[in-house]
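K.L.:
Quick one: structure below, then a few questions.
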Amino acid sequence: GNSVTQMEGPVTLSEEAFLTINCTYTATGYPSLFWYVQYPGEGLQLLLKATKADDKGSNKGFEATYRKETTSFHLEKGSVQVSDSAVYFCALRPIINSGGSNYKLTFGKGTLLTVNP
Amino acid sequence: NAGVMQNPRHLVRRRGQEARLRCSPMKGHSHVYWYRQLPEEGLKFMVYLQKENIIDESGMPKERFSAEFPKEGPSILRIQQVVRGDSAAYFCASSPRPATNEKLFFGSGTQLSVL
Numbered sequence: 029g030n031s032v033t034q035m036e037g038p039v040t041l042s043e044e045a046f047l048t049i050n051c052t053y054t055a056t057g058y059p060s061l062f063w064y065v066q067y068p069g070e071g072l073q074l075l076l077k078a079t080k081a082d083d084k085g086s087n088k089g090f091e092a093t094y095r096k097e098t099t100s101f102h103l104e105k106g107s108v109q110v111s112d113s114a115v116y117f118c119a120l121r122p123i124i125n126s127g128g129s130n131y132k133l134t135f136g137k138g139t140l141l142t143v144n145p
Numbered sequence: 018n019a020g021v022m023q024n025p026r027h028l029v030r031r032r033g034q035e036a037r038l039r040c041s042p043m044k045g046h047s048h049v050y051w052y053r054q055l056p057e058e059g060l061k062f063m064v065y066l067q068k069e070n071i072i073d074e075s076g077m078p079k080e081r082f083s084a085e086f087p088k089e090g091p092s093i094l095r096i097q098q099v100v101r102g103d104s105a106a107y108f109c110a111s112s113p114r115p116a117t118n119e120k121l122f123f124g125s126g127t128q129l130s131v132l
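Line by line, the protein sequences are chains A and B. Sequential numbering from 29 applies to the first sequence in our numbering. Sequential numbering from 18 applies to the second sequence in our numbering.
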């Protein structure tokens, strides 16, 4: 079956530090990959996505590259801010002809990021 | 333009009681999805509903759990005779069309604690 494994948290960084949150996946074929973010008291929001190998998703200074060879989709940001403090979820959506239902996202456990001033 | 609204935010029940979780999708959205996050696990799909129809309930536990999305009003996830293992965060998401290429809009979740 499909699965997502992401870096254990919590992660605590100082402002302007470099961020990496690792994410690897197991799935049939080439699923779509996502990073969602949940700010305190809010719902999960789509942060970025990539739909095929070597695609790079980017948004708000965050980036992640779809690596087929390592089945990874690591999240990076060059300089984090206090406002980036949140829980980050890596997720995949299976492709239609793999037999999976393409509305069923598979999520990782989430990684809590705290950025201190 | 309110987002997906879930209530209550926190729900405490004793073993054997019933829990009702509500989800109001975004305006104009007729597709609703429920996910559950057990402690130390990722969110897992439970059920997909359209207005008055259950499309896919393959992720729902076989007993005690049910879901509905009536023509009027919010979607309801109902858990009868709750047990401690039901303690989890329950998230609802919605989309305007089947989520083939649509991103899902999530609520902030209901944290259910069973004493």
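The beta carbon of each residue, even a glycine, is placed where N, CA and C say it ideally should be.
In chain B, which residues lie less than 8 angstroms from A:G69 when you measure between Cβ atoms?
P.N.:
S125
K.L.:
List the whole-angstrom C-beta distance separating A:Y64 from A:L75, where the pair is believed to meet the contact cut-off of C-beta under 8 angstroms.
P.N.:
6 angstroms
K.L.:
Kindly indicate if chain A contains any beta-carbon less than 8 angstroms away from that of B:V131.
P.N.:
no
K.L.:
I'd like to know if A:L141 contacts chain B, where contact means its C-beta is closer than 8 angstroms to some C-beta of that chain.
P.N.:
no
K.L.:
I want to verify the contact list: residues of chain A whose CB lies under 8 angstroms from the CB of B:V21, in sequence order.
P.N.:
G71
K.L.:
Using the Cα positions of A:K132 and A:V32, report the straight-line distance between them to the nearest angstrom.
P.N.:
Answer to the nearest angstrom: the Cα atoms are 13 angstroms apart.
K.L.:
Got a sec? Which residues, its chain only, sit under 6 angstroms from B:N24 by beta carbon, not counting five neighbours each side?
P.N.:
R39
K.L.:
Taking the alpha carbon of B:P42 as the point to measure from, which residue in B:V21, B:A36 and B:Q128 has its own alpha carbon closest?
P.N.:
Cα-wise, what sits closest to B:P42 is B:V21.
K.L.:
Along the chain, where does the beta strand (DSSP E) that runs through A:Y67 open and close?
P.N.:
Per DSSP, A:Y67 belongs to no beta strand (DSSP E) and is neither H nor E.
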